Amino acid sequence: MEDWGEIKLTTIVSGSDFWCLMDELMDDHNGFIYNRTTILEEYIKGNLYGLRVDETDAMYKRGAMMDELFAIDYIDGNKSCYLLPCFCVKEKEKENNTAIMIWTHSRARRNGFAKKLVELLKIDSAYNPLPDSIGFWKKCNIKI
Numbered sequence: 000m001e002d003w004g005e006i007k008l009t010t011i012v013s014g015s016d017f018w019c020l021m022d023e024l025m026d027d028h029n030g031f032i033y034n035r036t037t038i039l040e041e042y043i044k045g046n047l048y049g050l051r052v053d054e055t056d057a058m059y060k061r062g063a064m065m066d067e068l069f070a071i072d073y074i075d076g077n078k079s080c081y082l083l084p085c086f087c088v089k090e091k092e093k094e095n096n097t098a099i100m101i102w103t104h105s106r107a108r109r110n111g112f113a114k115k116l117v118e119l120l121k122i123d124s125a126y127n128p129l130p131d132s133i134g135f136w137k138k139c140n141i142k143i
């Protein structure tokens, strides 16, 4: 991560990015998969956001696409183009900065990706958070 470029917010608009994130969600073996209909509906509405890393010369030279943190397309086994295995669903209304859900793959946790999503999306509240995530939201000073 030390030679990565900027981590940028991306609206998930391509089908390949969407399915890559869904593959990662399945691989993570957690309860978020039961929200797949909501995730799909929010993707269609343009409310699904992720993080993508800008490639640097150093990343290119060392073959950073092989970095285990980047999302994998499990159908063909290829790494995504620097998409991180995390996402946030945010309400679209301009005056509403509520996170409906936020997820980071267990292998990528504790790297600040969820916090980065909260900051870049200007999240100020979390809707119906999971009990296990209450500490995260409090640490980010987000109202529940």
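Counting from 1, position 80 in the sequence shown corresponds to residue 79 in numbering that gives the first Met the number 0; the numbering is continuous, with no gaps. C-beta: ideal position from N, C-alpha, C; glycine also. Treat the numbers as computed from the prediction; the structure is a model and nothing was measured.
What's the gap between the Cα of residue i and the Cα of residue j?
{"i": "M100", "j": "A57", "result": "34 Å"}
{"i": "D10", "j": "G45", "result": "It should be noted that the sequence gives Thr, not Asp, for residue 10. C-alpha separation (whole angstroms): 7 Å."}
{"i": "V117", "j": "G111", "result": "10 Å"}
{"i": "K137", "j": "G62", "result": "37 Å"}
Apart from the five residues on each side of it in sequence, which residues of its chain come closer than 6 Å, Cβ to Cβ, to residue i?
{"i": "A70", "result": "C19, E23, S79, L82 and P84"}
{"i": "T97", "result": "E90, S124 and Y126"}
{"i": "D27", "result": "H104 and S105"}
Using a 10 Å radius around the Cβ and a threshold of 16 neighbouring Cβ atoms, would you call residue i buried or exposed?
{"i": "G134", "result": "exposed"}
{"i": "T103", "result": "buried"}
{"i": "L39", "result": "exposed"}
{"i": "D2", "result": "exposed"}
{"i": "I6", "result": "buried"}
Quick test of your reading: residue i and residue j, contact by CB under 8 Å. State the CB separation rounded to the nearest angstrom.
{"i": "C87", "j": "K114", "result": "At roughly 11 Å, the Cβ-Cβ gap does not stay under 8 Å, so C87 and K114 are not in contact."}
{"i": "K142", "j": "L120", "result": "At roughly 15 Å, the Cβ-Cβ gap does not stay under 8 Å, so K142 and L120 are not in contact."}
{"i": "D72", "j": "S15", "result": "7 Å"}
{"i": "R106", "j": "E67", "result": "7 Å"}
{"i": "Y42", "j": "L8", "result": "Their Cβ separation, rounded to whole angstroms, is 15 Å, which puts Y42 and L8 out of contact at 8 Å."}
Give me, in chain order, the residues of the same chain whose beta-carbon lies closer than 8 Å to that of residue i; leave out the 5 immediate sequence neighbours on both sides.
{"i": "T37", "result": "V88, I99 and M100"}
Might you give, ordered along the chain, the residues of its own chain that have their beta carbon closer than 7 Å to the beta carbon of residue i, omitting 5 neighbours on each side?
{"i": "M25", "result": "I32"}
State whether the region 47-56 contacts the region 122-138, with contact taken as three or more CB pairs (one from each stretch) at a distance under 8 Å.
-> With the rule of 3 Cβ pairs closer than 8 Å, the region 47-56 does not count as touching the region 122-138.
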